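Reading through the C-alpha cells given below for one structure.
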Amino acid sequence: MKKIYVIGGANIDIFALSKKEIVLRDSNPARIELSFGGVARNIAENLCHLEERPVFVSAFANDAFGKVLFEDCQRLGMDLKYSEVIEGASSSMYLANLNYDRDMYLAMNDMSIVSAIDKSTIDKLNAVINDDDYVIADTNLDQDVYEYLFKTLKGNKITDAISTAKAPKILRVLDNISILKMNKLEAESICGMELDSQIKFVSLLKMLNQKGVQEVLVTDKDGLYIGITGKVYHYRHDAYNRNVANVTGAGDCLLAAYSYSRFHNASIESAAVMGLVSAVLTVASPKSVAGIRKSDIREALANIGITGGIIYEYQN
22 MKKIYVIGGA NIDIFALSKK EIVLRDSNPA RIELSFGGVA RNIAENLCHL
72 EERPVFVSAF ANDAFGKVLF EDCQRLGMDL KYSEVIEGAS SSMYLANLNY
122 DRDMYLAMND MSIVSAIDKS TIDKLNAVIN DDDYVIADTN LDQDVYEYLF
172 KTLKGNKITD AISTAKAPKI LRVLDNISIL KMNKLEAESI CGMELDSQIK
222 FVSLLKMLNQ KGVQEVLVTD KDGLYIGITG KVYHYRHDAY NRNVANVTGA
272 GDCLLAAYSY SRFHNASIES AAVMGLVSAV LTVASPKSVA GIRKSDIREA
322 LANIGITGGI IYEYQN
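Under my numbering, the first residue of the sequence shown is numbered 22, with each subsequent residue one higher.
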C-alpha cells in the first residue's frame, strides 16, 4: 500500500499579542498562546484530519516540550517510527511578538535540532520508500540533506519553499521535484522579477516546468496558479474579503489538501479546488491548523466560489 511521508521540522510556537503599542525595554501586557507548529508537522496534521496516516519524520528533544509535542503527533495518528528523540537537545521553538494590531513586530526561531535529520535518516527511508509513495519535505532541512533527499529517494517528491530566505534551496533539485508550492513572494525571490501580471506568472511556471518540475503551484492573494508541462491553470476564490483571523498555516493546509487529492488520483481541477477551499477555511480560523475534514470542505463549497481553468497552452 502506498504511503505519504512528511519530512521536516516540528516546533513549539509561542505567540505574544501585545494589548497596547509595544514599548521596548519594558514589560508589556500581552496575551500569550502556545501551540504546536512547524511546516512539515502542520502538513502532516492536516493530512491526519483528511483521514490519511502519514509517516512523519522529524527530530524531537527529550525535554518537556519535546515530549508533549511527540505525544500530540502520536495522538493525531502520525506514524513516527522513523523520527528520532535527541537526548540533551532543546526543542525547536518559534517565538513571535505581535503588536496590538496583530502586525508582526519581531519573531525569532531556534530550529537547530532539525540538523539531526541527516543523510543517515534519508538512507533508512531509502530502504522502504517505493516509486508510488509521496514524499513531502520542507526547506528547513540542511542544504546538503535537502539535496541528498531529492536526488536519492524514490517516490513522488514534493516541497514547500517556506520563505524567501529558504526558497533558493529548491534551485539545485528542480528536475527531481514532482510538486513545488510557493507563495508569490517566494516565487519572486527565485525568479528575480515582480510577478505583477498574469503573463509573468505564466512565464515563471513554464520555465520551472521546462527545468523539470512536474507541477508548480504559486499562490497569490485570491487564487492559485498551477503549471504542468504544456498547460498553465489559474483558479480563483471569492472569499478574499471575508474575515481573516490568521494567515499562518494556510499554505501548509493548501499543499496538504492538494497533495492528498493527487495522491488519490484526483484531477488538477479537483485538487486545486480542495486546496483553495482548505486554505480559505484555515485563514478564517485563529489556529494555524484548523482541523479541516473532508466533510467541512464539501459543506464550504456551497459558500465559496471557485472559478478558473486552463489559461495558457504551449508545445513543450
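Beta carbons: idealized from backbone N, C-alpha and C, even for Gly. Bear in mind the structure is a predicted one, so any value in this text is a computation, not a measurement.
Between the alpha carbons of K172 and N197 lies a gap of roughly 7 angstroms.
Burial is judged here by how many other beta carbons sit within 10 angstroms of a residue's own beta carbon; S141 has fewer than 16 and is exposed.
Rounded to the nearest angstrom, the Cβ distance from A293 to Y281 is 13 angstroms, too far for a contact under 8 angstroms. Within the model, the alpha-carbon separation for F57 versus I327 is close to 31 angstroms.
Nearest in C-alpha terms to V301, of all of C274, K232, E334 and R46, is C274.
Going by C-alpha positions, M125 is about 35 angstroms away from I143.
In the structure shown, the three-state DSSP call for L245 is strand. Note on geometry: alpha-carbon atoms of A311 and I157 lie some 20 angstroms from one another. By the C-beta density criterion, Y335 is exposed, having fewer than 16 other C-beta atoms within 10 angstroms.
Counting along the chain, H70 sits inside the alpha helix (DSSP H) bounded by residues V60 to H70.
Approximately 5 angstroms separates the beta-carbon atoms of M132 and S113; this is inside 8 angstroms, confirming the contact. Taking 7 angstroms as the cut-off, the beta carbon of I318 is found closer than this to the beta carbon of M295. Residue state for R319 is assigned as helix, using DSSP reduced to three classes. Excluding its 5 nearest sequence neighbours in each direction, K175 has C-beta neighbours in its own chain below 8 angstroms: N147, I150, N151, D152 and D154, listed in chain order. The DSSP assignment places 164–173, 205–212 and 219–231 as complete runs of the alpha helix (DSSP H) inside the stretch 159–232, in order along the chain (cut-off: 4 residues). Across the set S184, S136, V268 and I247, the C-alpha of S136 shows the shortest separation from the C-alpha of A82. For S184, the closest of T269, I332 and E236 by C-alpha to C-alpha distance is T269. Listed as beta-bridge partners of I157 by DSSP are V27 and I179.
In chain order, L216, V239 and Y246 place their CB closer than 7 angstroms to the CB of F222, counting only its own chain and leaving out the 5 sequence neighbours on each side. For V60 against N161, the beta-carbon gap comes to about 7 angstroms, under 8 angstroms, which counts as contact.
The stretch 38–45 makes no contact with the stretch 63–72: fewer than 3 CB pairs, one atom from each, lie closer than 8 angstroms. Per DSSP, the continuous beta strand (DSSP E) segment holding E334 begins and ends at I327 to E334. For A292, no beta strand (DSSP E) run applies; the uninterrupted alpha helix (DSSP H) run containing it begins and ends at I289 to V304, by DSSP. Residue pairing by DSSP leaves R96 without any beta bridge partner.
Taking C-beta atoms under 8 angstroms as the contact rule, A65 and V27 qualify, at a distance of about 4 angstroms. Around R62, the same chain offers A31 as residues with beta carbons nearer than 6 angstroms, after the five sequence neighbours per side are excluded. In the three-state scheme derived from DSSP, where H, G and I count as helix and E and B as strand, I313 is classed as coil. Boundaries of the beta strand (DSSP E) harbouring N130: M125 to D131, taken from the DSSP string.
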